[in-house]
Amino acid sequence: MEEFHPHNDECIESVLGKADYNHNKVNQWTAAIVEQSLTHLVKLGKTYKYIGTCTVRWENRTMNCIVNVFAVAIIL
3 MEEFHPHNDE
13 CIESVLGKAD
23 YNHNKVNQWT
33 AAIVEQSLTH
43 LVKLGKTYKY
53 IGTCTVRWEN
63 RTMNCIVNVF
73 AVAIIL
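With our numbering, the residue at position 68 of the sequence shown is 70, and numbering never jumps.
This is the structure in structure tokens:
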């Protein structure tokens, strides 16, 4: 879903921005990223069911954010 990629980057940037890694905020960050990502997906108007996960981890002086979204179409 190429049309989602720009929105996903916006979600991550709006939540993490230039934040420094803080282990106490990881759950809050991941929940916000997944919620915003799924909201954008629903707005695309596709008839899919979505599952989203997000992992924020710290490595040396950088923070990595990995977002996985799975979409399933059920055709009856």
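Every residue gets a Cβ at the ideal spot worked out from N, C-alpha and C, and that includes glycine. Fair warning: this is a prediction, and the values are worked out from it, not measured in the lab.
Proximity of residue i and residue j at Cβ, strictly below 8 Å
i: tyrosine 2; j: leucine 40; result: No answer is possible for residue 2: the residues shown for the chain start at 3 and end at 78.
i: cysteine 56; j: valine 69; result: yes
i: valine 82; j: threonine 32; result: Residue 82 lies beyond the range of the chain shown here (3 to 78); nothing can be said about it.
i: histidine 42; j: cysteine 13; result: yes
i: glycine 47; j: valine 71; result: no
i: serine 16; j: glutamine 30; result: no
Assigned secondary structure, residue i (DSSP; H/G/I helix, E/B strand, else coil)
i: threonine 64; result: strand
i: lysine 20; result: coil
i: lysine 51; result: strand
Proximal residues to residue i (C-beta, below 6 Å), its chain only, five neighbours per side dropped
i: threonine 49; result: none
Residue i CB to nearest heavy atom of the ligand GTP below 7 Å
i: asparagine 62; result: Ligands are entirely absent from the displayed structure, and the ligand GTP is therefore not among its contents.
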